[in-house]
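First residue of the sequence shown: 36, per the numbering used here; consecutive thereafter. In this text, a Cβ means the ideal position worked out from N, Cα and C, and glycines have one as well. Computed from a predicted structure; not experimentally measured.
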Amino acid sequence: MTETVENAARADRRPPRDKRRHPRVHRAWIVAAVTFVTIIGGAAFNSLPGLLIDPLHTEFGWTRGEIGLAVSIDMALYGLTAPFAAALMDRFGIRRVVAIALTMVAAGAIASVWMTASWQLMIYWGLLVGLGTGSMAMAFAATVTNRWFVARRGLVTGILTAAGASGQLVFLPLCAWIVDRHGWRPASVTVALAALVVVPFVWLLMRDHPADVGLAPYGGTYLAKPAPAPGAARRTVRVLFDAARTGPFWLLAGAFAICGASTNGLIRTHFVPFAHDNHMPIPVAASLLAVIGVFDIIGTIFSGWLTDRYDARRLLAVYYALRGISLLFLPDLIGSDVQPPMIFFIVFYGLDWVATVPPTMALCREQYGEDSAIVFGWVLASHQVGAAVVAFLGGVARDVFGRYDVVWYAAGALCAMAALMSLVIRRRRAPGDVADGVPDGPRPVDAGGLSD
Numbered sequence: 036m037t038e039t040v041e042n043a044a045r046a047d048r049r050p051p052r053d054k055r056r057h058p059r060v061h062r063a064w065i066v067a068a069v070t071f072v073t074i075i076g077g078a079a080f081n082s083l084p085g086l087l088i089d090p091l092h093t094e095f096g097w098t099r100g101e102i103g104l105a106v107s108i109d110m111a112l113y114g115l116t117a118p119f120a121a122a123l124m125d126r127f128g129i130r131r132v133v134a135i136a137l138t139m140v141a142a143g144a145i146a147s148v149w150m151t152a153s154w155q156l157m158i159y160w161g162l163l164v165g166l167g168t169g170s171m172a173m174a175f176a177a178t179v180t181n182r183w184f185v186a187r188r189g190l191v192t193g194i195l196t197a198a199g200a201s202g203q204l205v206f207l208p209l210c211a212w213i214v215d216r217h218g219w220r221p222a223s224v225t226v227a228l229a230a231l232v233v234v235p236f237v238w239l240l241m242r243d244h245p246a247d248v249g250l251a252p253y254g255g256t257y258l259a260k261p262a263p264a265p266g267a268a269r270r271t272v273r274v275l276f277d278a279a280r281t282g283p284f285w286l287l288a289g290a291f292a293i294c295g296a297s298t299n300g301l302i303r304t305h306f307v308p309f310a311h312d313n314h315m316p317i318p319v320a321a322s323l324l325a326v327i328g329v330f331d332i333i334g335t336i337f338s339g340w341l342t343d344r345y346d347a348r349r350l351l352a353v354y355y356a357l358r359g360i361s362l363l364f365l366p367d368l369i370g371s372d373v374q375p376p377m378i379f380f381i382v383f384y385g386l387d388w389v390a391t392v393p394p395t396m397a398l399c400r401e402q403y404g405e406d407s408a409i410v411f412g413w414v415l416a417s418h419q420v421g422a423a424v425v426a427f428l429g430g431v432a433r434d435v436f437g438r439y440d441v442v443w444y445a446a447g448a449l450c451a452m453a454a455l456m457s458l459v460i461r462r463r464r465a466p467g468d469v470a471d472g473v474p475d476g477p478r479p480v481d482a483g484g485l486s487d
């Protein structure tokens, strides 16, 4: 009897006999490709708010603070939705959650075409789009990476994180041209269609778990698909309370809040109007943001490669410190035309934009194990809350002072603080590791893509 039970247990850990094959291209890479395209489709809307601040101000007379408030609601909900989306993907599957999320983004973008009051902007842009994009946030990338990959996690994290930048690269120049030539409404319709086009790819090609197709994760061993986890919301809150009792969570969340403040909240939302204040044409400013997207892809993938090999804490400290220094110089670099120092800033900032994500994800995996995707969702929530605060306060500062300069200086100082916070995170070592004396330079990499 005991032997029969043991044989049954071993069988449950093996894929079905007719599916135990080794495809030339592992299905994990196809799922990663679909995830990449999905994030691009969801990121289309993120290219729009910075382009529409001046047109909405001109057409409706809304203050930049009001418009910034709508953007901040979007960003805050983007972050606060992410940890619950990760748990909902565990409960209902990736395909269902992402397909619904894309539809919500499209609905909010389409509905904004008929808005006439600022409260409608907050409902359509803030609520609907915020909930939709939050369900396809970086926690989505973390969930796919954790389920489908054991080897190359750092590299895949970098590639999927770069998808947002790829969307910016594709849609920023296009939307800027549409806004300049045809107005903001056709641009809003364009991003809605981009979200809807991705839905069939998600439904037909995405799979929730490697066991669905009888495969092991890339670089790992076969595991049976776990049963759907009930109580997704309770689990998400429980994971938050558990993580909140640890010091690394607050250090990661605080540093990532500053990351969001200095990227999405500041550059993505206010760079175009800031450049326009300095007599730079909107399409030119938007093209500079798109160039940031080009180098963001390079920087993020390279950061994923580095994360597989070096101490993630030190990488974060370097990224934040260099970002802060660059922001301090920005007010002196901007002008009506594009000069070489401005190009250098764009290239440098692009390389650093979301290079912070792979080491932050790696530290979450190292510290919190199987709950790491949800923990990263909460850390991402702090990122977006930081972005939301600066998206709003940046607009208020522009209304009050008539200039953006004070915002850039404050962001530079905050980045220095984030660098220090990253350095003091204590590493969680496996049993048998030596506490001290680990040499600098490349480190051994375990099967999960984390340095020891």
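Asked, Found
"Coil, strand or helix - Y439 by DSSP", "coil"
"V18 versus T116, F411, C399, residue with shortest Cα-Cα distance", "The structure shown has nothing for residue 18, since the chain only spans 36 to 487."
"Residue environment, T168, which counts as buried when at least 16 other CB atoms sit within 10 Å", "buried"
"Beta bridge counterpart(s) of Y253 as assigned by DSSP", "F184"
"V307 - containing alpha helix (DSSP H), residue span", "304–312"
"L162 in three-state terms, based on DSSP", "helix"
"Reduced DSSP category for S170 - H, G, I as helix; E, B as strand; rest coil", "coil"
"Validate contact between the region 171–186 and the region 398–416 using beta carbons, cut 8 angstroms, 3 pairs", "yes"
"Within 9 angstroms, strictly: CB atoms of L386 and W219", "no"
"Whole alpha helix (DSSP H) elements within the region 340–381, 4-residue minimum", "347–368"
"Buried versus exposed call for L455 [16 or more other C-beta atoms within 10 Å across all chains shown]", "exposed"
"G77 in three-state terms, based on DSSP", "helix"
"With 16 other Cβ atoms within 10 Å as the buried cut-off, status of H314", "exposed"
"The alpha helix (DSSP H) enclosing P316, as first and last residue numbers", "Taken as a continuous stretch (DSSP letters only), P316 belongs to no alpha helix (DSSP H), as it is neither H nor E."
"contact_flag[the region 423–440, the region 289–302] where n(CB pairs < 8 angstroms) is 3 or more", "yes"
"Unbroken alpha helix (DSSP H) run spanning D109, endpoints", "99–127"
"Assigned secondary structure, P466 (DSSP; H/G/I helix, E/B strand, else coil)", "Because the pLDDT at P466 is just 42, under 50, the model does not fix this residue reliably, and the value given afterwards should be weighed accordingly. In this structure, P466 counts as coil in the three-state DSSP scheme."
"CB of S183 within 9 angstroms of CB of P252, strictly", "Inspection of the sequence shows that residue 183 is occupied by Trp rather than by Ser. Yes, they are a contact pair."
"Where V435 falls, given that 16 or more other Cβ within 10 Å makes a residue buried", "exposed"
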